[in-house]
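For reference, the structure is listed below as structure tokens.
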Amino acid sequence: MGGFFALAGTSTLNDVFFVHERGLRVGLWNFAIIVSVNLTPVFSGYVISNMSWKWSFWLEAILFGLALAAVILLFPETTYHRDNGHSIIEGQTPTLPTSNPIVGPEQVLDLNDDKSAKLPASPRSEVIQSGSRPSWRYFLGLGSVHFENTNRLFAVCIKPTTLLLHPIVLWGCVMWSVTFTWTILLGAVVSQIFGAPPYNMSTVAVGNLTGIAPFIGSALGTVLGGWACDQTPQQSIGSA
1 MGGFFALAGT
11 STLNDVFFVH
21 ERGLRVGLWN
31 FAIIVSVNLT
41 PVFSGYVISN
51 MSWKWSFWLE
61 AILFGLALAA
71 VILLFPETTY
81 HRDNGHSIIE
91 GQTPTLPTSN
101 PIVGPEQVLD
111 LNDDKSAKLP
121 ASPRSEVIQS
131 GSRPSWRYFL
141 GLGSVHFENT
151 NRLFAVCIKP
161 TTLLLHPIVL
171 WGCVMWSVTF
181 TWTILLGAVV
191 SQIFGAPPYN
201 MSTVAVGNLT
211 GIAPFIGSAL
221 GTVLGGWACD
231 QTPQQSIGSA
């Protein structure tokens, strides 16, 4: 389940934004993940000192409950369902329609003179033109939940595993896993190191020492790095 929630944000960004817009958004997504690791020792130090260590877990449970309610009620469904009305079935050869004869330029209607001539609207455009604001049921994705195609659901679940066959994907997974693992280990062992002699630092001091500096570095790295990644596609679009 942890892998699903780790990929849910980036897959949603992939559905919503274009290539030249994803860098900054992915940077903000990574910043939101890393900031939870960096600022947690700061807040936990004050909570443990003023209340108790049990309240640090109670507050975590409360925040998880609020986050779950926010995801269910405020996050729309972003999966794009392509219209398969004109798709080509595998194994068939695409052919052009022959019912309408090919006309020459002299037979084309002059739309400026003939005000009654109208182009036929596609079903997709009719839906967009006549559609109103989507309902909450559609907004939450409840109208697109289908359980009859379990084979596709299983294929979607195992598809991230097949991506590991690509060396670049495997290298990215290793880099992210090692970096994030060391970040978690830092918060797990730092209190035992700086709370013992010869440092003898308090809980609040340990939290501030190990949380504020990584928070500043991760904020600059993720946000500025994502912004820099957006510049290359934008320059390619401008030079095209």
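Residues in the sequence shown are numbered from 1 upward in steps of one, following UniProt numbering. Backbone N, C-alpha and C define an ideal beta-carbon position, used for all residues, glycine too. Keep in mind it's a predicted model, so treat the numbers as computed, not measured.
Would you grab the beta carbon distance between residue i and residue j for me? Rounded to a whole angstrom, and I think it's under 8 angstroms.
i, j, result
"V42", "I212", "7 angstroms"
"V47", "S36", "Not really, about 15 angstroms apart at Cβ, beyond 8 angstroms."
"I72", "T222", "Not really, about 27 angstroms apart at Cβ, beyond 8 angstroms."
Are residue i and residue j close, meaning C-beta to C-beta below 8 angstroms?
i, j, result
"G195", "G27", "no"
"F31", "S218", "yes"
"P214", "N38", "yes"
"G187", "T12", "no"
In whole angstroms, what separates the C-alpha of residue i from that of residue j?
i, j, result
"G69", "E60", "The sequence as given places Ala at residue 69; Gly does not occur at that position. Their Cα atoms are separated by approximately 14 angstroms."
"G207", "A155", "43 angstroms"
"W171", "E21", "24 angstroms"
"I228", "S52", "In the sequence as presented, Ile is not what sits at residue 228; that position holds Ala. Taking the straight line from one Cα to the other gives about 43 angstroms."
"V19", "A205", "43 angstroms"
"L165", "M175", "16 angstroms"
"F17", "S202", "45 angstroms"
"T183", "R152", "36 angstroms"
"W29", "W58", "25 angstroms"
"T162", "C173", "13 angstroms"
"I158", "T10", "17 angstroms"
"Q192", "F64", "27 angstroms"
"D15", "F75", "13 angstroms"
"P160", "I62", "31 angstroms"
"P233", "L224", "16 angstroms"
Exposed or buried, residue i, counting other C-beta atoms within 10 Å across all chains shown (16 or more means buried)?
i, result
"L24", "buried"
"N50", "exposed"
"A121", "A caution first: A121 carries a pLDDT of 48, below 50, which makes its placement in the model unreliable, though a value can still be read off. Under this definition A121 is an exposed residue."
"D210", "Reading off the sequence shown, one finds Thr at residue 210, where the question assumed Asp. Buried, because 16 or more other Cβ atoms sit within 10 Å of the Cβ of T210."
"G45", "buried"
"D230", "buried"
Runs of alpha helix (DSSP H) lying entirely within the region 160 to 218, each at least 4 residues, in chain order: 167 to 194
In chain order, what are the residue ranges of uninterrupted alpha helix (DSSP H) at least 4 long that sit wholly in the region 9 to 59? 19 to 50
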